[in-house]
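The structure appears below as structure tokens.
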Amino acid sequence: MIFQGMADFRASGFTPRIGIIGSGPAGITIARKLAQAKIPSVILEAGDADYTDESQDFYKGKVVGDSYFDLDVCRLRFLGGSSNHWAGWCRVLEAHDFLPKPYIPHSGWPITRADIEPFLPEAFDILGIQPFRPDVPISNDMKWYELIKSEHVHFGEKYRDEIDKSTLIALVLNTEVLHLGGNGQVVTGASLMSQGAPAGELALDYYVVCTGGLENSRLLLWSNEQSNGGVVPNASALGRYWMEHPMYTTGAAILTNPDAIEFDADGHAFLQPTAEALARRGLLNFHIQVETAPYPGMKQYVADLACITPEWTEWISDELGSHLHCSAQVHMSWEQAPRPDNFVALSKTERDAAGMPRIELNWTKDAFERRTMLEGMRLFGETLAAQDMGRVKLSDWVLCGGPWPDGMELAGNHHMGGTRMGTDSLVSVVDGNSKVHGMANLYVGGSSVFATGGQCPPTTTVTTLAVRLGDHLGRVLSA
Ligand SMILES: Cc1cc2nc3c(=O)[nH]c(=O)nc-3n(C[C@H](O)[C@H](O)[C@H](O)COP(=O)(O)OP(=O)(O)OC[C@H]3O[C@@H](n4cnc5c(N)ncnc54)[C@H](O)[C@@H]3O)c2cc1C
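Under our numbering, think of the first position of the sequence shown as -13, with each following residue one higher.
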């Protein structure tokens, strides 16, 4: 069932037991899973079925710290959420991403990769992908891995008809949760605005906040402020430990044996370090993306280099001689350590049209990341050289510690942390089942629950966790 607003929904007499706030990959997946368990749910979606400037304006905010995207550009506020413009890169967090690492403060999840494995097939089916092929070691330190470019499922488009026909899922569009009310033990109701006007309260047995990796923090921070701490009673970690995947072009490579690495149809190959190499060097997880350039471009590249760095060109000729096959750009992306000083806060001065404080995102990269970038590139260079697969040139700014360059990729649009998973409520917000610590009926879905970010895009893990949470809630509500 799809309703344009709360008036129509209320007139329908439908009685859901659980309210899911947000219709992105997390929200829609949880509602579908609950429907399988015959649990009636309502999805409250702030935006319409399609993009509107009015709805998107609610996502404006401010970034304090390093250069980052405008907050109303790096996400979408309508049916299907940011899946409407995601790039479709799929991969699940590695087993070691869930484990505590002694050299990364606050690392480690309360669950392991084995806890999400049973839900992977269903997530793959939703995302329209096949299981990942096994990694291929290229040395003891690095391995090729498969990052699948899916058909970037737009969740709103894909599941709209199914939801419309469902007798167990009600989707209410144009309906924003302004804040949740709570007494420190249970959420007592959701305060709503629908079709631009106040729409009263909705009281249900359970609530799942799935409003995205920035907005989950914002909604809960504001709800807590409105209820005197009654929604997230242990709030010291709320909004904190926010993470992205910084991403930069960090060098160039000459590949003497490009056939040793598998490139996809677009000329991309992805390499990652082994868990042992990371531990030995004390680095954050990262990946290297090698993007090939065709041989004719290579000739021009060498010709250009001959003018700028004759010694290097000579070295290329000496070292590689007639084996010269292929040049490549090298990009690197890495996880950030979960740090309390990267955080989502409520603006003290700016509010949206409904009166909710806008986001102030405090975000920086630190020296640990800088070291990971430099040492990671060195590891990659050493690996290619040792295997006689090619040579790597690090960009000057990487090698010499220059400022972060403008005009590069910056980051992945991956919004993680803010309501992180953990056992200690001082440094986490939800438990291993995604339930807010101390609250009986409040859960969180999406990458805001990530305790660490790993090196891969988040949505495959988000979808898998959502299948798992839907399964869990189905059992809780059936009991
Ligand atoms: C340009 C871009 C490229 C990306 N590429 C990739 C990629 O290749 N691979 C990958 O894994 N990930 C990628 N991502 C990230 C991916 O889009 C997100 O991980 C995913 O959409 C998160 O799903 P979600 O359901 O948690 O949140 P969202 O998709 O953000 O959905 C949240 C929903 O909540 C609604 N909402 C917000 N506030 C309220 C409220 N108060 N009341 C009611 N509803 C509300 C919103 O309208 C929205 O529909 C990309 C993101 C961007 C922006």
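Heads up, the beta-carbon is just placed ideally off N, CA and C, and yes, glycines get one too. The structure presented is a predicted model; accordingly, all values stated were derived computationally and were not measured.
Within the model, the alpha-carbon separation for Ser68 versus Asn210 is close to 25 Å.
Inter-residue distance for Glu262 and Thr15 is about 35 Å (C-alpha atoms, whole angstroms).
Around Asp150, the same chain offers Ile(-12) as residues with beta carbons nearer than 6 Å, after the five sequence neighbours per side are excluded.
Per DSSP, the beta-bridge partners of Ala238 are Gln315, Lys379.
Cβ contact annotation for Ser213 (same chain, cutoff 7 Å, sequence separation greater than five): Gly167, Gly168, in chain order.
Nearest C-alpha to Gly74 among Pro444, Gly51, Asn126, Ala255: Pro444.
Just so you know, the alpha carbons of Gly253 and Thr278 end up roughly 5 Å apart.
Looking only at Leu106, Val217, Trp95, Glu395, the smallest Cα-Cα distance to Val194 is reached by Val217. The three-state secondary structure of Thr153, taken from DSSP, is coil.
Taking 9 Å as the cut-off, the Cβ atoms of Leu178 and Leu188 count as close. Among the bridge pairs identified by DSSP, Gln275 is matched with Phe256, His317. Distances taken from the Cβ of Asn271 to the heavy atoms of ligand 1 include none shorter than 8 Å. Here the segment 96 to 112 makes no contact with the segment 147 to 163; the two share fewer than three CB pairs at distances below 8 Å. Asn427 is positioned such that its CB atom lies closer than 9 Å to that of Val172. The shortest C-alpha to C-alpha distance from Pro343 to any of Gln22, Gly5, Tyr45, Met233 is the one to Tyr45. Close CB contacts of Tyr89 within its chain, under the 6 Å cut and outside five residues either way in sequence, are with Gly268 (chain order). As computed with DSSP, Gly424 is found in no beta bridge at all. The alpha helix (DSSP H) runs lying completely inside the segment 116 to 167 and spanning 4 residues or more are 141 to 151, given in chain order.
DSSP places Pro107 within a helical segment (H, G or I) once states are collapsed to three.
DSSP, reduced to helix, strand and coil, places Glu80 outside both helices and strands of the structure shown, so it counts as coil.
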